[in-house]
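*Asks:* Before I ask anything, here is the structure I am working with.
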Amino acid sequence: MNIGALSAFAVVCVGVLVLRKLEPNRERPFRTPLVPLVPILALIGCVLLATTLDGLTWVCFAVWVLGGSAVYLGYGRKRSTIAAPTITNSTVSAER
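Sequential numbering from 23 applies to the sequence shown in my numbering.
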């Protein structure tokens, strides 16, 4: 059993529930049957399976999640185009 696959599947289950609530009219090429029953049961199954994993697996998972989050946030902080928009020549000339 792989904790990465379980966590990814759990995130998908939560995503299905959240998107159905927040964007009910969004176009969906594939529809999950019996929402919210199927995503909730799948999420419960993921949690039950994850509780059977040993402690070292959880420690390794936590280290990888923290390390990956640090890399993601560090990279995004330096290269975000949303946080600090740059001024281009066309913007400056349009203001004059």
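Ideal Cβ placement from N, Cα and C applies to all residues, glycine included.
It should be emphasised that the depicted structure is a prediction, and the values quoted were computed from it without experimental measurement.
State whether the stretch 67-75 contacts the stretch 24-41, with contact taken as three or more CB pairs (one from each stretch) at a distance under 8 Å.
*Replies:* yes
*Asks:* What's the C-alpha gap between Asn47 and Thr74?
*Replies:* Walking along the sequence shown from the start, residue 47 turns up at place 25. Walking along the sequence shown from the start, residue 74 turns up at place 52. Cα to Cα, Asn47 sits roughly 38 Å from Thr74.
*Asks:* Looking at C-beta atoms only, is the number of pairs between the stretch 74-89 and the stretch 49-61 that lie closer than 8 Å three or more?
*Replies:* Contact between the stretch 74-89 and the stretch 49-61 is absent, with fewer than three C-beta pairs closer than 8 Å.
*Asks:* Can you give the beta carbon distance from Val38 to Pro61, rounded, assuming they're within the 8 Å contact cut?
*Replies:* Taking the sequence shown and counting its residues from 1, the one referred to as residue 38 is at position 16. Taking the sequence shown and counting its residues from 1, the one referred to as residue 61 is at position 39. Contact flag correct, Cβ pair sits at about 5 Å.
*Asks:* Looking at Ala72: is its Cβ nearer than 7 Å to the Cβ of Cys35?
*Replies:* As a working mapping, residue 72 is identified with position 50 in the sequence shown. As a working mapping, residue 35 is identified with position 13 in the sequence shown. Not in contact: Ala72 and Cys35 (Cβ atoms no closer than 7 Å).
*Asks:* Under the three-state reduction of DSSP, which class applies to Pro46: helix, strand or coil?
*Replies:* Counting from 1 along the sequence shown, the entry for residue 46 is found at position 24. Here Pro46 sits in coil by DSSP.
*Asks:* Taking 6 Å as the cut-off, does the CB of Asp76 come closer than this to any heavy atom belonging to the ligand SAM?
*Replies:* Absent from the structure shown: the ligand SAM. Ligands present: none.
*Asks:* Given Arg42, which residues of its chain have a CB within under 6 Å of its CB, disregarding the five upstream and five downstream residues?
*Replies:* Position 20 of the sequence shown, counted from the first residue, corresponds to residue 42. Cβ within range, chain order: Val57.
*Asks:* Taking only three categories from DSSP, how would you classify Ile104?
*Replies:* As a position in the sequence shown, residue 104 is number 82, starting the count at 1. Of the three classes helix, strand and coil, the one that applies to Ile104 here is coil, per DSSP.
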